[in-house]
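Below: one structure, written as structure tokens.
There are 2 protein chains.
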Amino acid sequence: MTGSGPVRGVLAAALTPMTADLTPDLPAMIAHFQWLLGRGCDGLGILGTTGEANSFSVAERLSIIDAVGESGLPKDRLVVGTGTCAEPDTLELTRAALAAGVKSVLMLPPFYYKGIADRGLAESFARIIDRVADGDLRVILYHFPRMTGVPITAGAIEILRRDYPDIVVGLKDSSGDLGNTASLLEAFPGFGVYTGTERYLLPALRAGGPGCISATANVTSPMASDVFRAHERSDGDADARQEQLTAVRRVLDGFPLVAALKEAMTTITGRAGWRAIRPPLTPLEPARERELRDSLAAEGFDLDAVDPESSPRSALAKP
Amino acid sequence: MTGSGPVRGVLAAALTPMTADLTPDLPAMIAHFQWLLGRGCDGLGILGTTGEANSFSVAERLSIIDAVGESGLPKDRLVVGTGTCAEPDTLELTRAALAAGVKSVLMLPPFYYKGIADRGLAESFARIIDRVADGDLRVILYHFPRMTGVPITAGAIEILRRDYPDIVVGLKDSSGDLGNTASLLEAFPGFGVYTGTERYLLPALRAGGPGCISATANVTSPMASDVFRAHERSDGDADARQEQLTAVRRVLDGFPLVAALKEAMTTITGRAGWRAIRPPLTPLEPARERELRDSLAAEGFDLDAVDPESSPRSALAKP
Numbered sequence: 620m621t622g623s624g625p626v627r628g629v630l631a632a633a634l635t636p637m638t639a640d641l642t643p644d645l646p647a648m649i650a651h652f653q654w655l656l657g658r659g660c661d662g663l664g665i666l667g668t669t670g671e672a673n674s675f676s677v678a679e680r681l682s683i684i685d686a687v688g689e690s691g692l693p694k695d696r697l698v699v700g701t702g703t704c705a706e707p708d709t710l711e712l713t714r715a716a717l718a719a720g721v722k723s724v725l726m727l728p729p730f731y732y733k734g735i736a737d738r739g740l741a742e743s744f745a746r747i748i749d750r751v752a753d754g755d756l757r758v759i760l761y762h763f764p765r766m767t768g769v770p771i772t773a774g775a776i777e778i779l780r781r782d783y784p785d786i787v788v789g790l791k792d793s794s795g796d797l798g799n800t801a802s803l804l805e806a807f808p809g810f811g812v813y814t815g816t817e818r819y820l821l822p823a824l825r826a827g828g829p830g831c832i833s834a835t836a837n838v839t840s841p842m843a844s845d846v847f848r849a850h851e852r853s854d855g856d857a858d859a860r861q862e863q864l865t866a867v868r869r870v871l872d873g874f875p876l877v878a879a880l881k882e883a884m885t886t887i888t889g890r891a892g893w894r895a896i897r898p899p900l901t902p903l904e905p906a907r908e909r910e911l912r913d914s915l916a917a918e919g920f921d922l923d924a925v926d927p928e929s930s931p932r933s934a935l936a937k938p
Numbered sequence: 620m621t622g623s624g625p626v627r628g629v630l631a632a633a634l635t636p637m638t639a640d641l642t643p644d645l646p647a648m649i650a651h652f653q654w655l656l657g658r659g660c661d662g663l664g665i666l667g668t669t670g671e672a673n674s675f676s677v678a679e680r681l682s683i684i685d686a687v688g689e690s691g692l693p694k695d696r697l698v699v700g701t702g703t704c705a706e707p708d709t710l711e712l713t714r715a716a717l718a719a720g721v722k723s724v725l726m727l728p729p730f731y732y733k734g735i736a737d738r739g740l741a742e743s744f745a746r747i748i749d750r751v752a753d754g755d756l757r758v759i760l761y762h763f764p765r766m767t768g769v770p771i772t773a774g775a776i777e778i779l780r781r782d783y784p785d786i787v788v789g790l791k792d793s794s795g796d797l798g799n800t801a802s803l804l805e806a807f808p809g810f811g812v813y814t815g816t817e818r819y820l821l822p823a824l825r826a827g828g829p830g831c832i833s834a835t836a837n838v839t840s841p842m843a844s845d846v847f848r849a850h851e852r853s854d855g856d857a858d859a860r861q862e863q864l865t866a867v868r869r870v871l872d873g874f875p876l877v878a879a880l881k882e883a884m885t886t887i888t889g890r891a892g893w894r895a896i897r898p899p900l901t902p903l904e905p906a907r908e909r910e911l912r913d914s915l916a917a918e919g920f921d922l923d924a925v926d927p928e929s930s931p932r933s934a935l936a937k938p
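Which chain is which? The protein sequence lines are A and B, in order.
Counting from 1, position 104 in the first sequence corresponds to residue 723 in the working numbering; the numbering is continuous, with no gaps.
Counting from 1, position 179 in the second sequence corresponds to residue 798 in the working numbering; the numbering is continuous, with no gaps.
Set out below in structure tokens:
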């Protein structure tokens with residue numbers, strides 16, 4: 620990745636706090652983003668799957684993007700999700716991200732129709748890039764076949780890398796398949812393939828990837844950051860740190876992720892409002908709340924010990 | 620179904636003609652809807668999968684609903700698709716349908732997140748119904764697991780039938796599984812389960828269903844109408860007519876449906892503009908255009924012989 624490309628390292632796919640009426644709680648959201656940047660995150664993925672982006676209307680997403688734009692958050696450390704089913708919506712959100720000072724966007728494919736041809740898939744991204752017509756735009760393709768049913772195929776990547784080598788710079792691989800991450804990194808030199816789970820952070824870094832964009836980094840960011848930094852230093856304890864991180868991630872993978880992470884933030888902050896989640900997602904069942912805390916504690920990760928105000932690194936300056 | 624419920628019989632999931640810049644061609648669209656109602660369709664499903672609804676922004680969908688509202692189309696024969704991933708969008712579209720005089724809506728579940736609990740799924744529909752707060756509303760749930768990955772489960776139907784028996788009146792079963800249609804009809808007496816393919820029109824009618832809402836009825840409506848009417852008359856040739864219809868449907872099922880139907884309309888009308896389709900969908904490859912015509916002709920269905928102006932039944936009065 621060049622200096623103008625998306626940020627390397629640990630990116631949390633940030634949660635979106637909501638008010639009691641299930642609309643985005645913008646001040647709480649900005650505070651959460653600042654907290655994450657002060658807690659080992661090199662960057663943030665905003666309005667992704669974990670951020671419940673697809674449950675928000677375009678107007679609600681624009682309000683989130685505007686709030687980010689007006690905040691003091693470092694824009695070069697942010698990636699904003701802008702992909703929707705409908706081309707005009709994706710176009711509007713992408714333009715808004717750029718207008719807010721965020722150049723890197725995470726783009727889902729149009730995900731309603733299935734069985735899409737490579738050329739149709741590539742064309743849907745190309746039409747957005749052509750219309751945005753801004754050389755500063757950096758697109759990270761969002762590969763999440765379990766949610767979308769529309770995989771970002773090697774054939775589509777090939778077309779887009781050929782036609783937009785400086786703009787289509789990366790992919791978030793949420794397939795859960797490390798083999799796919801590694802084979803894309805090998806097939807497309809210079810293409811920044813992030814793993815979607817910090818379970819594979821170290822192997823993905825060793826395969827040449829830029830890092831992870833991960834849901835669970837909302838709570839595990841210091842541990843993930845340790846892995847990343849140990850790898851950067853070629854430190855011998857990277858493997859041991861990855862092992863600890865993997866154990867915690869494995870616990871979280873046993874729960875519905877967004878609900879579990881909102882529950883974890885409820886425990887960390889003591890603020891019950893963190894549980895607010897928009898249907899069709901549902902809050903964690905009470906019986907599972909304790910299970911979550913206890914299972915994490917069994918791996919040495921004590922939610923009650925996390926400082927809700929902690930800021931080991933400045934939220935406003937690159938570490 | 621009561622008199623105030625959605626229409627029985629053959630409903631085409633109507634195509635949306637587009638202009639050369641791939642935006643909805645509203646005059647051509649209204650003309651197509653009138654043509655279908657004059658060609659054996661008892662009703663129309665507007666803004667469904669075949670209508671490429673999910674490729675349109677909310678603003679574009681509203682323009683379509685407004686055009687329908689201002690047209691002379693008989694509103695009691697229409698069903699408008701309003702379900703999206705985002706609650707505020709579904710709410711706005713549903714209100715717009717009612718304001719346009721269309722009481723029956725076809726509602727997709729929020730379809731981004733997978734592995735949804737029954738209560739979360741039911742809650743997402745309930746929140747729309749509660750906010751619309753209009754006793755005239757009639758909701759047909761849209762079960763299309765291959766596209767959505769979010770099946771409308773019997774558990775969710777049970778909650779909704781219990782809480783909104785006069786509003787949640789039906790389901791479009793696009794699972795392609797006749798067994799599912801039959802078992803839902805049996806499990807929920809009085810619930811109007813439409814088959815999503817006219818391949819199963821006659822068996823679904825015999826199982827007590829109200830009819831079909833089908834993509835291919837854009838071109839097969841007279842044949843489907845013959846099956847429906849033969850069934851209504853308890854006419855002995857219903858089976859033979861269904862067999863002919865099934866053979867034609869089987870041909871169409873060998874092609875990407877929306878592209879194939881737009882190609883068929885191109886042949887019928889001689890208007891090349893009918894091929895316009897929004898990415899990620901792609902027009903039928905030229906090599907397959909002739910294959911489509913020839914395969915249909917082999918089943919006795921000659922696209923060139925279809926009268927683009929034909930109006931065997933009045934478009935404006937119920938037959």
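The beta-carbon is built from N, C-alpha and C at its ideal position, and this holds for glycine as well.
Quick caveat: nothing in here was measured; it's all calculated off a predicted structure.
Per-residue burial, residue i [other beta carbons within 10 Å of its own, 16 or more giving buried]
i: T638 (chain A); result: exposed
i: E706 (chain A); result: buried
i: P875 (chain B); result: buried
i: P784 (chain A); result: exposed
i: S853 (chain B); result: exposed
i: R680 (chain B); result: buried
i: E805 (chain A); result: exposed
i: E671 (chain B); result: buried
i: D845 (chain A); result: buried
i: E928 (chain A); result: exposed
i: R825 (chain B); result: exposed
i: E742 (chain A); result: buried
i: A752 (chain B); result: exposed
i: A718 (chain A); result: exposed
i: G700 (chain A); result: buried
i: P646 (chain A); result: exposed
Backbone secondary structure at residue i - three-state DSSP
i: A632 (chain A); result: strand
i: K694 (chain A); result: helix
i: V925 (chain A); result: coil
i: D753 (chain A); result: coil
i: P875 (chain B); result: coil
i: G734 (chain B); result: coil
i: I786 (chain A); result: coil
i: P625 (chain B); result: coil
i: D640 (chain A); result: coil
i: I778 (chain B); result: helix
i: T816 (chain A); result: coil
Residue i versus the options, residue with shortest Cα-Cα distance
i: A883 (chain B); options: B:D858, B:D913 and B:R860; result: B:D913
i: G720 (chain B); options: B:G702, B:L710, B:L697 and B:G739; result: B:L697
i: A895 (chain B); options: B:A632, B:P643 and B:D796; result: B:P643
i: P902 (chain B); options: A:A736, A:L871 and A:G659; result: A:A736
i: S840 (chain B); options: B:D749, B:L922, B:L790 and B:N673; result: B:L922
i: D872 (chain A); options: A:T816, A:V812 and A:K722; result: A:T816
i: K694 (chain B); options: B:V758, B:A716 and B:R765; result: B:A716
i: A859 (chain B); options: B:I832, B:L821 and B:S833; result: B:L821
i: L740 (chain B); options: A:V867, A:R897 and A:R848; result: A:R897
i: E908 (chain B); options: B:Y731, B:I887 and B:S802; result: B:I887
i: R780 (chain A); options: A:Q863, A:A745 and A:V838; result: A:A745
i: R750 (chain A); options: A:Y732, A:G734, A:T713 and A:K722; result: A:T713
i: G809 (chain A); options: A:L790, A:F730, A:S794 and A:L797; result: A:L790
i: A823 (chain A); options: A:S802, A:T835, A:M842 and A:D926; result: A:S802
Contact belief for residue i with residue j at Cβ below 8 Å, rounded distance in angstroms
i: A686 (chain B); j: M648 (chain B); result: 7 Å
i: A631 (chain A); j: L666 (chain A); result: Not really, about 13 Å apart at Cβ, beyond 8 Å.
i: D792 (chain B); j: H762 (chain B); result: 5 Å
i: L900 (chain A); j: V870 (chain A); result: In fact, because the Cβ distance is near 20 Å, the residues do not count as touching under 8 Å.
i: S676 (chain A); j: D708 (chain B); result: 5 Å
**Prompt:** According to a CB-to-CB cut-off of less than 8 Å, which residues of the stretch 728-751 of chain A neighbour chain B?
**Reply:** P728, P729, F730, Y731, Y732, K733, G734, I735, A736, R738, G739, L740, E742, S743 and R746
**Under 8 Å (Cβ pairs) to chain A, residues found in the stretch 661-685 of chain B** = Within the stretch 661-685 of chain B, the residues whose Cβ lies closer than 8 Å to some Cβ of chain A are T668, N673, S674, F675, S676, V677, A678 and E679, listed in chain order.
**Message:** Give me the subset of the stretch 706-723 of chain B whose CB atoms are less than 7 Å from a CB atom of chain A, sorted by chain position.
**Reply:** E706, P707 and D708
**Request:** With 7 Å as the limit, tell me which residues of the stretch 880-897 of chain B have their beta carbon closer than that to any beta carbon of chain A; keep them in chain order.
**Result:** Along the stretch 880-897 of chain B, the positions whose C-beta sits under 7 Å from a C-beta of chain A are R897, read in chain order.
**Prompt:** Using Cβ-Cβ distances below 7 Å, what residues of the stretch 824-851 of chain A are close to chain B?
**Reply:** none
**Message:** Residues of the stretch 897-921 of chain B in Cβ contact with chain A at a cutoff of 7 Å, in chain order, please.
**Reply:** R897, P898, P899, L900 and T901
**Prompt:** Going along the chain, which residues of the stretch 754-774 of chain A sit with their C-beta nearer than 9 Å to a C-beta in chain B?
**Reply:** R765, M766, T767, G768 and V769
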